[in-house]
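Working notes for the structure below.
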Ligand SMILES: Nc1nc2c(ncn2[C@@H]2O[C@H](COP(=O)(O)OP(=O)(O)OP(=O)(O)O)[C@@H](O)[C@H]2O)c(=O)[nH]1
Ligand SMILES: [Mg+2]
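Numbering (the numbering used here), first residue to last: 161 to 343.
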């Protein structure tokens with residue numbers, strides 16, 4: 161009865177669930193970030209083959225987060241996960257300058273994807289705990305984020321290992337999903 165009541169309450173008073181797809185090149189830190197958010201712990205990850213999915217709750221919003229494998233061959237199936245996603249989280253390894261052009265190509269593909277029309281985009285500039293990491297501003301320029309006109313977007317510097325910046329990113333997502341027109 162309690163469960164029925166709470167789900168009715170949630171439906172009436174705004175708790176909502178959103179499907180989020182989390183993409184990025186291999187080694188960016190997606191799986192580390194997912195489990196840091198879902199479990200509050202840093203897990204020892206290995207390269208993802210396929211996907212992981214976890215529920216993350218933040219400020220009365222539930223996110224069903226799909227963490228997709230980022231290796232070259234696996235990127236081709238990212239689009240099969242896009243249906244029904246209201247947000248995309250792009251995780252960037254801020255140490256990985258050499259693969260920014262590859263990342264830009266993947267970003268262009270996802271921004272142009274019809275299945276993601278109307279989805280908001282959160283870019284996590286991850287691994288900020290490492291000396292020499294690119295800043296969020298550098299990544300914004302390299303990926304030409306200001307050119308994205310059809311999606312609300314935000315970039316957030318973070319570290320999946322220390323947890324820095326992660327909740328600021330979720331705060332933005334929560335706000336953006338409630339007020340899509342104003343992002
Ligand atoms: N220093 C540091 N290392 C990190 C951070 N996030 C992830 N890593 C490390 O980066 C490596 C790759 O992390 P994963 O989470 O497996 O990367 P992934 O994006 O899921 O990779 P794929 O599954 O192959 O797409 C691991 O050794 C992590 O411990 C971070 O914020 N700082
Ligand atoms: Mg992974």
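Think of the CB as a built atom: it goes at the ideal place given N, C-alpha and C, for glycine as much as any other residue.
Q. Do residue 320 and residue 185 have their CB atoms nearer than 7 angstroms?
A. no
Q. Can residue 247 and residue 333 be called in contact, C-beta distance under 7 angstroms?
A. yes
Q) So what does residue 222 bridge to, in DSSP terms? A) 177, 217
Q) Which term fits residue 288, buried or exposed, when burial requires 16 or more other beta carbons within 10 angstroms of its beta carbon? A) buried
Q. Would you say residue 293 and residue 255 are within 7 angstroms of each other, going by their C-beta atoms?
A. yes
(Q) ligand 1 and residue 287: does the residue's C-beta get closer than 6 angstroms to at least one heavy atom of that ligand? (A) yes
Q) Would DSSP call residue 320 helix, strand or coil? A) coil
Q: Could you work out which residue in 209, 233, 251, 227 is closest to residue 325 when comparing CA atoms only?
A: 251
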